[in-house]
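Going by our numbering, 238 is the number at position 238 of the sequence shown; the sequence numbering is gapless. Here a beta-carbon is modelled for each residue, glycine too, at the ideal position from N, C-alpha and C.
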Amino acid sequence: MTTVSLPDFSALAAWRCPETIADLNAVIKNLGCSRIENFSILEAAIGRFPGFLIRILPFVWSQAVGGNEELPKDIPILRDPGSISLKQKQCLAILANAFLCSFPGRVSFNCLSSRDLPSINLDELYTDGGNDNAQIAKLHMLFHYFDRCRERLERGEHLDHPIRFLRRRGTNSSVDDWINVRDSLIPPTVHPLGRSIDEAKDMLRIDFANMIIGGGAIAYGCVQEEIMFCACPELIVSRLLCNVMQSDEAIVILGTEQFSTPDGYGFSLKCGGAYEDTTPFDHEGVRKSSIS
Numbered sequence: 001m002t003t004v005s006l007p008d009f010s011a012l013a014a015w016r017c018p019e020t021i022a023d024l025n026a027v028i029k030n031l032g033c034s035r036i037e038n039f040s041i042l043e044a045a046i047g048r049f050p051g052f053l054i055r056i057l058p059f060v061w062s063q064a065v066g067g068n069e070e071l072p073k074d075i076p077i078l079r080d081p082g083s084i085s086l087k088q089k090q091c092l093a094i095l096a097n098a099f100l101c102s103f104p105g106r107v108s109f110n111c112l113s114s115r116d117l118p119s120i121n122l123d124e125l126y127t128d129g130g131n132d133n134a135q136i137a138k139l140h141m142l143f144h145y146f147d148r149c150r151e152r153l154e155r156g157e158h159l160d161h162p163i164r165f166l167r168r169r170g171t172n173s174s175v176d177d178w179i180n181v182r183d184s185l186i187p188p189t190v191h192p193l194g195r196s197i198d199e200a201k202d203m204l205r206i207d208f209a210n211m212i213i214g215g216g217a218i219a220y221g222c223v224q225e226e227i228m229f230c231a232c233p234e235l236i237v238s239r240l241l242c243n244v245m246q247s248d249e250a251i252v253i254l255g256t257e258q259f260s261t262p263d264g265y266g267f268s269l270k271c272g273g274a275y276e277d278t279t280p281f282d283h284e285g286v287r288k289s290s291i292s
């Protein structure tokens, strides 16, 4: 079984929480992303989000360092059919470390961090990829996520709702198998033009996915899958856990929450602000959100 290489938490704790953008850039470079030539997107996003350095960054830092206690030491990579369940607070620790680019050996190159592993560190999102406004919008969605988690923990919430990641492989799914199926399809429902897939909270939402889960979500991408992953950042955790999909595979993610409202699409993407997700929970405390 292949397991996730976790950050060096002792090295991270040896640093002091950055107080300026320059300090943050230095920490990210020293944690292993020295190839970044500039942080122009990150700097612009922080500059347009009041209170980030004072309110949000210290929180992100504490959650990243706290991953030493929060995260299991042997998180498996789902290379074969199976499942992993993590609590929201564990996903928060993973995403805080992704923000600081502290996962070792996962330097990003065109949305991959090795031959078959998606990128998880956010380094490609921080530098100019030719899609500045959309990248800034996606960072603002992540900032709203961190800020909402901060508010909840300060209120005494535990962020202990489970999120489940499942990898499935199809059987009897060749072209001939499908031709020979005699079952009828259920009647289709046609919704008004412009209605978003994100409004169908009570249904299994089928994403026209990239074989790399999340596609260019934490890089230059700005269409349906990438927008969804940034509005619901817990989806990004799947990039740490799941290698590139084969043609007969699917990944199902249960229980994620939407934290921000996307506005626009493609190059016109903007962050429309924080979002209050009222999707109910099942009897096991899993939010009734299903995405594949």
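Exercise for review: Report the residue ranges of all alpha helix (DSSP H) runs contained in full by the stretch 126 to 163; include only those spanning at least 4 residues, in chain order.
Suggested key: Entirely contained in the stretch 126 to 163, the alpha helix (DSSP H) runs reaching 4 residues are, in chain order, 132 to 154.
Review point. Between residue 88 and residue 161, is the Cβ-Cβ spacing less than 7 Å?
Key: On the sequence shown, residue 88 is found 88 positions in, with the first residue counted as 1. On the sequence shown, residue 161 is found 161 positions in, with the first residue counted as 1. Contact flag set, yes.
Check your understanding: Straight-line CA distance for residue 269 to residue 256?
Key -> What you label residue 269 is simply residue 269 of the sequence shown in a count that begins at 1. What you label residue 256 is simply residue 256 of the sequence shown in a count that begins at 1. Between residue 269 and residue 256, the C-alpha separation is close to 22 Å.
Review point. By DSSP, does residue 60 sit in helix, in strand, or in coil?
Key: Numbered from its first residue, the sequence shown carries residue 60 at position 60. Reduced to three states, the DSSP call for residue 60 is helix.
Practice item. Over the uninterrupted alpha helix (DSSP H) stretch that includes residue 217, give me the two end residues. Key: Here residue 217 is taken as the residue at index 217 of the sequence shown, counted from 1. Here residue 217 belongs to no alpha helix (DSSP H), and DSSP marks it neither H nor E.
Review point. So, are the CB atoms of residue 60 and residue 13 less than 7 Å apart?
Key: Your numbering for residue 60 matches position 60 in the sequence shown. Your numbering for residue 13 matches position 13 in the sequence shown. Contact flag unset, no.
**Study point:** 8 Å contact criterion, which residue 251 and residue 146 should meet: CB distance rounded
**Key:** Here residue 251 corresponds to residue number 251 of the sequence shown, with the count starting at 1. Here residue 146 corresponds to residue number 146 of the sequence shown, with the count starting at 1. Contact flag wrong, Cβ pair sits at about 24 Å.
Point to revise | Neighbourhood of residue 138 by C-beta distance below 6 Å, restricted to the same chain and skipping five residues each side | key: By 1-based counting over the sequence shown, the position of residue 138 is 138. The answer, listed in chain order, is 230.
Check your understanding: Which runs of the beta strand (DSSP E) spanning at least 3 residues fall entirely within the stretch 59 to 98, listed in chain order?
Key -> Qualifying beta strand (DSSP E) stretches, in chain order: 82 to 87.
Review point. Can you tell me whether DSSP reads residue 200 as helix, strand or coil?
Key: As a position in the sequence shown, residue 200 is number 200, starting the count at 1. The answer is coil: DSSP assigns residue 200 none of H, G, I, E or B.
Review point. Do the stretch 43 to 56 and the stretch 207 to 214 make contact, defined as three or more Cβ pairs closer than 8 Å?
Key: Between the stretch 43 to 56 and the stretch 207 to 214, the count of Cβ pairs shorter than 8 Å is below three; the stretches do not touch.
Practice item. Compare the C-alpha of residue 285 against each of 204, 226, 163 and name the closest. Key: Locating residue 285 in the sequence shown gives position 285, counting from the first residue. The shortest C-alpha separation from residue 285 is found at 163.
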